[in-house]
Amino acid sequence: MIELIHFSKRYGELLAVDDLNLKIEAGEMFGFIGPNGAGKSTSIRFLTTLLKATGGEGIVNGCRVTRDPLGVRRSVGYMPDTFGVYDGMKVWEFLDFFAVAYRLPKAKRKAVIDDVLELLDLSHKKNDFVNGLSRGMK
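Right, here's the structure in full:
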């Protein structure tokens with residue numbers, strides 16, 4: 395089951411999603427369609443824990459998005475048509491996001507992230523935003 399309860403998202407002055415309520419029961423097929431800028435991607439990014447809400451809540455398979463993001467990540471996958479979903483993250487945040495998703499213990503995460511960055515010769519890019527990387531680095 396997937397549910398949005400009074401979900402809202404603002405980007406500064408822009409109200410991208412305003413008080414959206416949606417419930418999709420287990421086994422139902424649902425098409426989330428609409429024009430560009432309607433808030434589809436914003437809503438999905440919230441439901442997959444990639445974006446914080448301005449207001450409201452989401453529930454995925456009984457897990458509250460704001461209170462149990464790890465529980466949500468265990469039951470969802472999200473494949474965007476472009477890489478831009480992570481553009482607002484710093485390189486280390488991007489790696490940490492996936493480390494959490496794969497349940498790497500918090501005590502080990504920093505060392506593993508540092509090792510990956512060193513292996514890929516990207517240590518100097520650790521605090522850069524993903525959108526500033528070349529496509530090959532991404």
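First residue of the sequence shown? That's 395 in this note's numbering, and the numbers climb one at a time after it. Cβ atoms here follow ideal geometry from the backbone N, Cα and C, with glycine treated the same way. For clarity, every value in this text was computed on a predicted model and none was experimentally measured.
Distance from the CA of A495 to the CA of R467, rounded to the nearest whole angstrom, comes to 6 Å.
Between G450 and H518, the CB-CB gap reaches or exceeds 8 Å. When rounded, the separation of the alpha-carbon atoms in R461 and T443 is 10 Å. The beta carbons of L527 and V510 sit no closer together than 8 Å. Contact between K434 and F424 is absent: CB atoms are separated by about 12 Å, not below the 8 Å threshold. Setting aside the 5 residues that flank it on each side, P429 has no residue in the same chain whose C-beta is closer than 8 Å to its C-beta. I438 sits in a helix when the DSSP states are folded into three classes.
Following the DSSP letters along the chain, one finds A493 inside the alpha helix (DSSP H) bounded by residues 485 to 495.
Taking V459 as the centre and dropping the five residues before and after it, the same chain places the C-beta of F440, L441, T443, A447, E451, G452, I453, V466 closer than 8 Å to its C-beta, in chain order.
Annotation: D508 to C457 spans about 31 Å, alpha carbon to alpha carbon. Bridge pairing for F401: L414 [DSSP]. In this structure, Y480 is the residue among Y480, S402, E422 with its C-alpha nearest to the C-alpha of R529.
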